[in-house]
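S.K.: First residue of the sequence shown: 707, per the working numbering; consecutive thereafter.
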Amino acid sequence: IQLSGTFPFEDGELYTQLYDSATYRVFSEPLMSSIENGSVQQSITLPLTINPGNTFLNYYFRDSEAGTDGNGVTLISIKGLNFYNFSVQPEQPDKGENFTISVRTELTNIDTMICEMDTSSAYEYLDENGIEHINSFNNPSSIIRFKMTIDDQQSNQWYLDNPVKIGTAGKLIGVRFVAVDAARNQTTGSNFSFRIKRDPDLSVRGISQGGTAFPQITVSVNNASDDTLNTKIDVYSLHDQTETLFNSRQFKVSPNRLTECPVPGILGTGQQTFKVVVDPDNTIRESNENNNTFTDSLIVNTYPLISSLGSSTNGVQNDSIKIDDYTVFIASGSIADSSALIVQTKEISPNPNQPQFSLISQPGNSQYQSIEVALPNLSDSLQKPLFLEFKDQDTVYQDVSIARWDNYLKIWILSPTTYQPHSYSTHTAYPGQFTLVRCQDTEPPHLELSLDGQQFFQNSYVSRKPNISIITEDKNGVNFNKSGLRVFLDGNPVNFDELNIPDTLANGNYISAQFRPEMEYGEHDIEVIVKDAAGNCSSNQISFTVSDELKLIDYGNYPNPFKDRTVFIYELTQRVDDFKIKIYTSSGRLIKILEESSVFSTGLDMTEGGYHEILWNGLDEDGNFIANGVYFYKMIAKSDSKTVSKIGKLAKAR
């Protein structure tokens, strides 16, 4: 290929890369040529092994100062390689299956066409760029030859006279074609290849326990084949050299990957040994039948929780689940639908966001540990609380409690704890992760209510649909959930789901929620009660009014006199269509208008009903600081049917 071009600069470099029809790079490194006097000439030699067909040449250029560069692509079509459109039918034949081969050629005057196959020495390898190649026809004695026939229906296409079959699964076959003309001149093409379909190989790679609605053994099955296979899996429980069928299941396993196959059943307690057999009836012809059986032992942590029975180890009676020094019991009728019950211990670390919560290590264990009780088929809370007990051989301390980890708040929350001589216990409707903590927090959380981003005062006026914010803070975390936060509007509880809370939190030490109730005209009150992670409680109750009459309450400005800036404070009993604050000199000249488009407010829209603070920076309409002296302001609120105004005095003093 001869490449030439001109450029908008004198000197530089041109880098080119050629791709074949399979979009593989032809050269390991781009070819570089120098740009001189604004032009370039480059010669590219096509390798004999390049795949023919439509392809492209990619190039990048830059000037010697690296200040100007560019890139582009040129589409090209490579011909003249004699043989193309190589095809095998079926595309991936089974061992012992008849197949045929066809190919097209650009050659003319062909007298004989021979298909040569290398059935023993072909192999794959990767070059330095990680591109896969096929090497074949290295051993002449392994070459077999077949005569081909011209296809009368397809121009320039030849096919095998007779079908061929190969008896070895997974075999890589090298193919090339030799054309002989009437003068006995031979033209040999480049090498092609295809592979006989591999025999499948099913193997069990491991087992694990788990489940959603019921306990299960999950079997990892690897399918080393090119086909999706349907197979049976038998799982046996082993006790004292005796095999008992645990369960059997039929599965569809995907090609060339691991498939997780769940086999449900009751696992028992303690250490259990299971044997797994895939394709036990040998219905699938495999390349290796010796890896279909797998045996392993598990420490059982998954149990059935049956609605009519409760927690159980055998599916027959209601049992307590005992793991090390922990006991879990769930009564019948605690759950609507059955679930797997997963109980396991986990190591934990102190939470830096709870400085007054100290973790307690179990006797004989220097690591901090928790017990996790998981019910994958439970969406919310249990209908009856579960019982959880921590055994302690030492003295039981009254300042130590069971705490539950809240994944959303990222804090430990104390659970009501009962103390026995050698144990701590609790009842809770919420499964999760539990541990023992010593808590020294006796201070209640900070609680603040705001209206549209501003402080919510007693007997405030609000709009019919106010945006009320609940802001809480505690150095050890706030119990900001259904059990720790209660909101009452006019004495009626507000559903926790009606509150708008953030989807994610950095931690549970500071959190806020908003809700927008639709109010009737008249007197109302809101009461909020919140607990922190230690159970300390704060409450706040505020009365407010939703007025059906437009009123403007002027609270003046602060500071007054002011030096650089001041804040106008007012309250509207309902939303208006327009609101302005006009500022005049003592002689009555208008110097400034504060309106929604030109002010910075610390809360809601200036026209909304409720409490407002509007900042003024002391500049007049021309952007100049006003002089010292006395000024007047006029607040004007307009609605469809009424206009109200208030006049006040302010002073500027440096």
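Idealized CB from N, CA, C, for every residue including glycine. Note that the coordinates shown come from a computational prediction; the quantities given were computed from them, not determined experimentally.
1. Does DSSP classify D1346 as helix, strand or coil?
2. Provide the residue(s) that pair with L709 in DSSP beta bridges, ordered along the chain.
3. Going by CA-CA distance only, name the one from D1043, S1040, L1015 and L1047 that's closest to I1027.
4. Sort out for me which residues DSSP pairs D887 with in a bridge.
5. Is F1250 helix, strand or coil by DSSP?
6. For S1045, report the span of its beta strand (DSSP E) as first-last.
7. Where does E1224 sit, in a helix, a strand or coil, going by DSSP?
8. For the beta strand (DSSP E) that contains G1262, what are its first and last residues?
9. Can you give, in chain order, each stretch of the beta strand (DSSP E) that sits fully within the segment 849-925 and has at least 3 residues?
10. Count the other C-beta atoms from every protein chain shown that fall within 10 angstroms of the C-beta of V779, then say buried if there are 16 or more, exposed otherwise.
11. Under a three-way DSSP split, which group does S1304 fall into?
12. If I measure Cβ to Cβ from Q1073 and keep anything under 7 Å in the same chain, skipping five residues before and after, which residues do I get?
13. Based on DSSP bridge pairs, tell me the residues matched to P1010.
14. Whose C-beta lies closer than 6 Å to the C-beta of F1393 among residues of the same chain, with five residues either side of it excluded?
15. On the three-pair Cβ rule with 8 Å, is the segment 1235-1242 touching the segment 1113-1127?
16. Would you check if the distance between the CB atom of T650 and the CB atom of G876 is smaller than 7 Å?
17. Can you give me the C-alpha to C-alpha distance between K1298 and L1325, rounded to a whole angstrom?
18. By DSSP's criteria, S1351 is part of a beta bridge. Which residues make up the other side?
19. Could you tell me the boundaries of the beta strand (DSSP E) in which F789 lies?
20. Please name the residue in V746, E716, F715 and D833 whose C-alpha comes closest to that of T722.
21. Starting from A1080, trace the beta strand (DSSP E) in both directions and tell me its first and last residue.
22. Based on Cα-Cα distance, which residue from N936, T1124 and E797 lies nearest to I990?
23. Could you round the C-beta distance between V1102 and P1061 to whole angstroms and report it? I think they count as a contact, below 8 Å.
24. Expressed to the nearest angstrom, what Euclidean distance is found between the alpha-carbon atoms of G718 and N791?
25. When DSSP builds the beta bridges, which residues end up paired with R1144?
26. Just the C-alpha distance for S960 and T934, rounded to the nearest angstrom, thanks.
27. If you drop the 5 nearest sequence neighbours on each side, which residues of the same chain put their C-beta closer than 6 Å to that of T965?
28. Contact between the segment 1262-1273 and the segment 1340-1360 is defined here as three or more beta-carbon pairs at a separation below 8 Å; is this criterion met?
29. Beta-carbon separation of V1006 and V969 under 7 Å?
30. I want to know whether the segment 1221-1233 touches the segment 1163-1181 - three or more CB-CB distances under 8 Å.
31. What's the C-alpha gap between Q915 and S1249?
32. Let me check understanding here. Comparing Cα to Cα, which of D907, S1169, V982 and L1084 lies closest to D1311?
33. Looking at the structure shown, is D1384 part of a helix, part of a strand, or coil, going by DSSP?
34. Are the beta-carbon atoms of V1236 and L1191 separated by less than 7 Å?
35. Nearest-angstrom Cα distance between E1179 and F920?
36. Does S847 come out as helix, strand or coil in the three-state DSSP assignment?
M.R.: Taking the definition as stated:
1. coil
2. Q748
3. L1047
4. DSSP lists I816 as partners of D887.
5. strand
6. S1045 to E1053
7. coil
8. L1258 to Y1264
9. 849-856, 863-866, 878-887, 892-894, 898-901 and 908-916
10. exposed
11. If DSSP states are grouped into helix, strand and coil, S1304 belongs with the helices.
12. Annotation for Q1073: E1053 and S1067 place their beta carbon closer than 7 Å to its own, counting only its chain and skipping 5 residues before and after.
13. A1046
14. Here the chain covers residues 707 to 1360 and nothing more, so residue 1393 does not appear.
15. yes
16. Residue 650 lies beyond the residue range present for the chain, which begins at 707 and ends at 1360; the question has no answer from this structure.
17. Distance between the alpha carbons of K1298 and L1325: 8 Å.
18. S1351 is bridged to I1342.
19. F789 to Q795
20. Looking from the CA of T722, the closest CA among V746, E716, F715 and D833 belongs to V746.
21. Residues Q1075 to A1080.
22. N936
23. Going by Cβ atoms, the distance from V1102 to P1061 rounds to 24 Å, so no, they are not a contact pair.
24. 41 Å
25. S1064 and V1106
26. Between S960 and T934, the C-alpha separation is close to 5 Å.
27. V927 and V959
28. yes
29. no
30. yes
31. 56 Å
32. S1169
33. Nothing about residue 1384 can be read from this structure; the chain reaches only from 707 to 1360.
34. yes
35. Cα-Cα distance, rounded: 41 Å.
36. helix
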